[in-house]
Amino acid sequence: EAGYGLMDLGAGSYVFASGVCSRWARRVGPDCDSFGRRLKKCAPLLAFGLIRTVTVKAADYQEHASEYGTHWNFYFTLCAIGLGSYF
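Residues in the sequence shown are numbered from 21 upward in steps of one, following our numbering.
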């Protein structure tokens with residue numbers, strides 16, 4: 021049965037806050053970050069996502085494919101939001 025949890029609230033709040041606090045939403049001016057600079061800022065999230073994926077697979081820990089699939093996790097989602105907000 022599908023439902024909502026505290027993690028879903030946290031994920032939605034993060035996405036909402038990213039949109040509200042963006043330079044575009046605040047009308048502060050053009051975002052001077054290059055894509056490479058944005059990628060550098062998102063690198064720790066990408067690293068955490070890769071580390072989590074490897075450790076979950078190595079420990080043979082249970083995975084719920086209905087949440088993020090077998091190779092995706094929340095760190096990758098945060099990284100994708102950070103990179104996607106560039107465009």
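Don't be surprised by glycine CBs; every beta carbon is placed ideally from N, CA and C. Predicted, not measured: the structure shown is a model, and the values here were computed from it.
For L103, I'd like the list of residues in its chain whose CB is within less than 7 Å of its CB, leaving aside the five on either flank, ordered along the chain. R58, L59, C62
Since Y95 contacts R72 with CB under 8 Å, what's their CB separation in whole angstroms? 6 Å
Assign G89 to one of three DSSP states: helix, strand, or coil. coil
Considering C62, what are the terminal residues of the alpha helix (DSSP H) in which it resides? 55-78
What is the DSSP secondary structure of Y34, reduced to helix, strand or coil? helix
What is the DSSP secondary structure of Y81, counted as helix, strand or coil? coil
By the DSSP assignment, the alpha helix (DSSP H) with C99 in it spans what residues? 94-104
Within its chain, find whatever has a CB closer than 7 Å to the CB of V35; leave out the 5 residues flanking it on each side and keep chain order. I101
Closest by C-alpha distance to G30, when choosing among T97, Y106, G56: T97
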